[in-house]
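A.B. asks:
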Amino acid sequence: MKNNEIKAKDSLKWYRGQAYDDIEMEELKYLAVVSHSRKSTMSILKNRHIVRSFFTCFFVFLAQQLSGVTIMIFYALTLFNIGGSGDLTASEQTIVIGGIQILSCFLAIGLIDMVGRRILLIVSSMLMGLFLMLLGWFYELRDQDPEYDDIYFWMPPTWTALFFVAFNIGVGPISWALLGDIFPMQIRETAVAFAATFNWLLCLIATMTFGEMLDALGVTKIMWLFAGFCWLAGIFCALLVKDTRGHSLAKIQESFGIENRQVETNSEEQT
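In full-length UniProt numbering, the protein residues as written are 1 to 271.
(1) Take the Cβ of residue 91 as the centre, count every other Cβ of all protein chains shown within 10 Å, and call the residue buried at 16 or more, exposed below.
(2) Hey, out of 165, 159, 154 and 50, whose CA is closest to residue 136's CA?
(3) Taking C-beta to C-beta, are residue 67 and residue 128 nearer than 7 angstroms?
(4) Taking all protein chains shown into account, decide if residue 51 is buried (16 or more other Cβ within 10 angstroms of its Cβ) or exposed.
(5) How about residue 165 and residue 125: are their beta carbons less than 7 angstroms apart?
(6) Throw me the rounded Cβ distance for the residue 122 and residue 211 pair, which I believe falls under 8 angstroms.
(7) CB residue 178 to CB residue 195, shorter than 7 angstroms?
(8) Buried or exposed for residue 113, please, with buried defined as at least 16 other CB atoms from any protein chain shown within 10 angstroms of its CB.
(9) Closest to residue 153 by C-alpha separation, out of 98, 226 and 79, would be which residue?
(10) On the DSSP letters alone, give me the boundaries of the alpha helix (DSSP H) that residue 65 sits inside.
(11) So, for residue 168: in the same chain, excluding its five sequence neighbours on each side, which residues have a beta-carbon less than 8 angstroms away from its beta-carbon?
(12) Please return the same chain residues whose Cβ sits closer than 8 angstroms to the Cβ of residue 191, not counting the five positions on each side in sequence.
Following this line, the structure appears as C-alpha cells:
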C-alpha cells in the first residue's frame, strides 16, 4: 500500500467515472490500515472467532470432498459405463455433463449475491444429497432387474447433471469464497494456504481410495454414503455458517472482535 489517497481517488474516477462510490474509497482506506496493522498472527489465532472460522473452513472443504464430487468428476466415465449409456456413449454423456457444469457456473454468479452464501450452501448440500440418493436408487433397482437399465437409461446422466448443477451453485464456489469472509486480513493469506492444502490432500485421498471403496461397498452404497455426508454438511452449514452478504469489510473485521480503533492504534504505533 502506497498510502496516496489522491492518486487512489484519481484511479477510481478513471475506472468508475466521476460518480464513483465514496463508500468504496472508505473500504480501500480501511484495507490499507488493516494491512499495516502490527497485531501478531499468534495473538489473532487465540481469538475464539478465528478458531471457529478455521473449524468452519476446514469442515466445509471436508464436506466438499466427502460429497463425492471429486469421484464424480474423475470417474464419470466409469460410472456411466456401470449405469448404461442408452443412445449416447459414456464418453458423450461425460461431454454433456461438462457443458452443463460450465453453464451452471454462470447461474451461480447471479445467485450468490442475490440469495446469500449461507442459504446457497444449505440448499446446494441438500440437493446434492437428493440426486446422489436417486442415483444410488437407480443402481439398486438396476441390480435387481437388468432390464431397468434399458428403460431408464436417462437417469444416470440426469441425476449426475443435476448433482453438478447443485454443486456449482453452492458448495463448489462458496467454499472458496468463504475464505475471504471468515478470516481477518491479518491472517487471510496463511489461512487460505492451509485451507487449499487441506482441500487438495482430501482430493488426492478420495481419488486414490475410490477403487477399493467400489470393490468393498459397490456403487449403490457409495452413492448413498456420499448423500448422507451431503445432508450432514447442509445441517452443519445451517448451524454454523454466517451470511456476510452486503457486509462491508469493516463490519466483517469487527465480527472477529477486531475493531477499527484497535487496528488504527496498531497502525499508528508502526509509523
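By construction, the Cβ of each residue, glycine as well, lies at the ideal position given by its N, Cα and C atoms.
C.D. replies: The structure says:
(1) Here residue 91 corresponds to residue number 91 of the sequence shown, with the count starting at 1. The residue in question, residue 91, is exposed, as its Cβ has fewer than 16 Cβ neighbours within 10 Å.
(2) What you label residue 136 is simply residue 136 of the sequence shown in a count that begins at 1. Ranking 165, 159, 154 and 50 by Cα distance to residue 136 puts 159 first.
(3) By 1-based counting over the sequence shown, the position of residue 67 is 67. By 1-based counting over the sequence shown, the position of residue 128 is 128. Their beta carbons are under 7 angstroms apart, which means residue 67 touches residue 128 by this criterion.
(4) Taking the sequence shown and counting its residues from 1, the one referred to as residue 51 is at position 51. When all chains shown are included, residue 51 counts as exposed.
(5) Reading the sequence shown from its first residue, position 165 is the one you call residue 165. Reading the sequence shown from its first residue, position 125 is the one you call residue 125. Not closer than 7 angstroms, so no.
(6) Translated into positions along the sequence shown, residue 122 becomes position 122. Translated into positions along the sequence shown, residue 211 becomes position 211. Contact flag wrong, Cβ pair sits at about 32 angstroms.
(7) In the sequence shown, counting from the first residue as 1, residue 178 sits at position 178. In the sequence shown, counting from the first residue as 1, residue 195 sits at position 195. Not in contact: residue 178 and residue 195 (Cβ atoms no closer than 7 angstroms).
(8) On the sequence shown, position 113 is the one that residue 113 refers to. Under this definition residue 113 is an exposed residue.
(9) As a first step, residue 153 is located in the sequence shown; it is residue number 153 there, counting from the start. Nearest neighbour of residue 153 by Cα position, chosen from 98, 226 and 79, turns out to be 79.
(10) Reading the sequence shown from its first residue, position 65 is the one you call residue 65. Taken as a continuous stretch (DSSP letters only), the alpha helix (DSSP H) holding residue 65 covers 48-66.
(11) For this step, residue 168 is matched to residue 168 along the sequence shown. Cβ within range, chain order: 101, 104, 105, 107 and 108.
(12) Here residue 191 refers to the residue found at position 191 when the sequence shown is read from its first residue. Same-chain partners within the cutoff: 53, 54, 57, 179 and 183.
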